[in-house]
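Notes follow the structure.
Protein chains: 2
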Amino acid sequence: MGIVLYELAGADPSLRFSPHCWKVRMALAHKGLEAESLPWRFMEKQVIAFSGQGSVPVLIDDGETIFDSWRIARHLEARYPNAPELFAGAGAIPHVHFLNAWSDSALLPALARIILLEIHDCLDSSDREYFRASRERRFGQSLEAVVADRPSNVSALRKLLWPLREVLSERNFLSGESPAYADYCVFGMFMWARCCSVVPLLDEDDPVFWWRERLLNAFDGLARSAPRAVAESMQK
Amino acid sequence: MGIVLYELAGADPSLRFSPHCWKVRMALAHKGLEAESLPWRFMEKQVIAFSGQGSVPVLIDDGETIFDSWRIARHLEARYPNAPELFAGAGAIPHVHFLNAWSDSALLPALARIILLEIHDCLDSSDREYFRASRERRFGQSLEAVVADRPSNVSALRKLLWPLREVLSERNFLSGESPAYADYCVFGMFMWARCCSVVPLLDEDDPVFWWRERLLNAFDGLARSAPRAVAESMQK
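Residue numbers (our numbering), protein chains in the order written: chain A, 5 to 240; chain B, 5 to 240.
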């Protein structure tokens with residue numbers, strides 16, 4: 005029956021920018037698994053109602069429904085043990101769980117303070133009202149106010165990346181000499197920014213910049229070749 | 005020749021509160037190693053000048069000098085491979101490096117905003133002027149101003165702990181079912197607070213509270229029985 009992945013899509017249905025869906029996309033590529041990717045929008049709650057969830061990613065693997073990117077990664081590791089490991093053994097799972105939770109709780113909001121308005125502008129018109137209302141409630145500010153002080157917000161992001169920089173100044177990936185889920189759960193956030201935004205986030209003297217480059221090139225450039233909301237020529 | 009550890013000490017030389025020294029203390033206990041612990045104060049730069057460093061921990065192991073808690077942990081793992089593992093294999097080292105760097109760059113300053121003045125008050129009078137000047141420069145504020153808004157600072161700390169809480173809601177330790185260096189590099193920060201401060205940091209409904217309790221009890225209560233600057237009866 006194969007694998008089906010529901011992914012958040014923008015106004016252009018080929019634009020797939022959800023950080024959590026990118027974690028899953030990279031994990032599937034790591035395992036060498038093909039998936040049918042279906043676009044989903046915030047207003048299409050009924051389309052994934054079968055999963056009991058109100059958001060994506062939702063994965064259907066041979067008839068079994070799995071939701072939440074962390075649960076999906078754990079599922080893929082258990083279900084496909086002979087494909088390359090996503091975790092360096094069971095002992096690594098708590099550590100990668102921490103990295104994933106840091107990515108969600110610290111990196112995601114720090115990036116949101118830079119790209120939130122651009123995300124809004126990528127969305128299908130049917131999704132924009134919901135997105136604006138829910139995110140303005142979460143931040144207690146208008147989207148415009150959240151992103152107003154870009155220099156400060158970029159500076160705060162770079163400061164937050166210090167632990168990544170420490171690890172990546174000694175090795176190529178957060179997982180060691182080759183990438184695995186510890187990398188993908190953080191890289192997903194950078195793909196969210198790349199797909200929606202033109203704001204330069206990292207300098208070339210930052211080891212995190214080169215780590216991101218390596219992951220953009222992984223799996224024959226899967227991430228680098230993904231559609232973006234803005235032309236490559238606009239990028240710095 | 006045995007092992008010697010230089011540790012930061014307070015006005016009372018038995019008061020050992022450095023978070024980085026606590027990481028090493030727990031790592032030595034994990035490996036089942038005895039060490040002669042020598043008190044050191046900020047003003048005693050000449051005492052550890054042989055190490056090329058201006059701060060502790062400094063470890064001398066069978067004549068070899070090692071500095072920096074992360075390097076000491078790596079040294080102990082390599083030097084004593086038959087003692088219990090500090091890292092779940094070489095694959096775990098990058099992940100624990102991240103946790104250690106997060107602890108130093110995010111948890112340490114968040115705790116400092118709560119306990120900085122109490123740390124100052126624990127110090128030997130000879131160290132206080134140096135401590136006040138260097139920390140006030142770092143924070144750009146007086147020590148009193150750094151800790152002035154305790155409710156906000158405690159709230160910010162608890163928010164920051166979210167990734168720990170995520171991991172510890174599913175298992176006893178950051179390393180899985182038994183503690184290892186991933187735990188000690190974070191727990192050291194809580195020992196810093198415990199040794200110097202009476203401010204309650206965690207609620208009993210927080211998995212992080214119970215993780216801290218388990219580590220206080222580890223190694224026959226090594227951490228729980230450590231001297232504190234204030235009477236146990238003053239604690240909430």
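The C-beta atom is built at its ideal place from N, Cα and C for all residues, glycine as well.
Check	Outcome
Quick one: complete alpha helix (DSSP H) runs, 4+ long, within the segment 168-218 of chain B?	185-200
Any Cβ of chain A within less than 7 Å of the Cβ of Ala233/B?	no
Grouping DSSP H, G and I as helix and E and B as strand, with all else coil, what is Tyr134/A?	helix
Report yes if the CB atom of Tyr242/A is closer than 7 Å to the CB atom of Ile52/A, and no otherwise.	Here chain A has residues from 5 to 240 only, and residue 242/A is not among them.
Does the beta carbon of Leu115/B sit closer than 7 Å to a beta carbon anywhere in chain A?	no
Mind pulling the chain A residues with CB within less than 7 Å of Arg175/B?	Pro98
To the nearest angstrom, report how far apart Glu40/A and Thr69/A are at their CA atoms.	14 Å
Please decide whether Phe102/B counts as near chain A, where near means a Cβ-Cβ distance under 7 Å.	yes
Do Leu220/B and Phe213/B have their beta-carbon atoms positioned less than 7 Å apart in this structure?	no
Quick check: Ile101/A and His99/B, are their CB atoms within less than 7 Å of each other?	What sits at residue 101/A in the sequence shown is His, not Ile. No.
Could you check whether the Cβ of Val171/A sits closer than 7 Å to any Cβ belonging to chain B?	yes
Our contact map puts Phe46/A next to Asp108/A with C-beta atoms below 8 Å; I'd like the distance itself, whole angstroms only.	About 18 Å; that fails the 8 Å criterion.
Which same chain residues end up closer than 6 Å to Asn157/B when comparing Cβ atoms and leaving out the 5 residues on each side of it in sequence?	Arg117 and Ile118
With a cut-off of 8 Å on the beta carbons, I'd call Cys200/B and Glu140/B a contact; round off their distance for me.	Actually they are not in contact, since the Cβ atoms of Cys200/B and Glu140/B sit about 17 Å apart, beyond 8 Å.
Taking the alpha helix (DSSP H) that Glu40/B belongs to, which residues open and close that run?	Premise fails: Glu40/B lies in the beta strand (DSSP E), Glu40 to Trp44, not in any alpha helix (DSSP H).
Leaving out the 5 sequence neighbours to the left and right, which residues in its chain are closer than 6 Å to Leu165/A when beta-carbon positions are compared?	Val212
If I measure Cβ to Cβ from Leu112/B and keep anything under 7 Å in the same chain, skipping five residues before and after, which residues do I get?	Pro23 and Met193
By Cβ distance, which residues of its chain are closer than 7 Å to Pro17/B, with the 5 residues on each side in sequence left out?	Pro43
Using only CA atoms, which one of Val202/B, Cys25/B, Gly58/B and Leu80/B lies nearest to Asp66/B?	Leu80/B
Chain A beta carbons: is any one of them nearer than 7 Å to that of Tyr188/B?	no
So with Cβ pairs under 7 Å, would you call Ala92/B a contact of chain A?	yes
Return the residue from the list Glu148/B, Leu127/B and Ser55/B that minimises the CA-CA distance to Ala13/B.	Leu127/B
Please look up how many angstroms separate the CB atoms of Ala233/A and Leu19/A, rounded, as I've assumed it's under 8 Å.	6 Å
So is Ala105/A in contact with chain B if we call contact Cβ pairs under 7 Å?	yes
Three-state secondary structure (DSSP) at Val8/A?	strand
Contact criterion: CB-CB distance below 7 Å. Does Trp166/B meet it with respect to chain A?	yes
Going by the CB atoms, is the gap between Lys49/A and Gly58/A shorter than 7 Å?	yes
Taking the alpha-carbon positions, what's the Glu89/B to Ala160/B distance?	33 Å
Quick test of your reading: Val28/A and Pro61/A, contact by CB under 8 Å. State the CB separation rounded to the nearest angstrom.	5 Å
Skipping 5 residues on each side, what residues in its chain have a beta carbon closer than 8 Å to that of Ala110/B?	Leu164
Could one say the Cβ of Ser129/A lies closer than 7 Å to chain B's Cβ atoms, at least one of them?	no
Beta-carbon of Ser182/A versus every beta-carbon of chain B: anything under 7 Å?	no
Does the beta-carbon of Arg216/B have 16 or more other beta-carbons within 10 angstroms, so that it is buried, or is it exposed?	buried
Under the DSSP definition of a beta bridge, which residues are partnered with Phe71/B?	Val62/B
Rounded to the nearest angstrom, what separates Arg154/B and Ala137/B at their Cα positions?	22 Å
Let me make sure I understand the geometry here. Which of Phe191/A, Pro204/A, Ala227/A and Trp74/A has the alpha-carbon closest to that of Leu168/A?	Phe191/A
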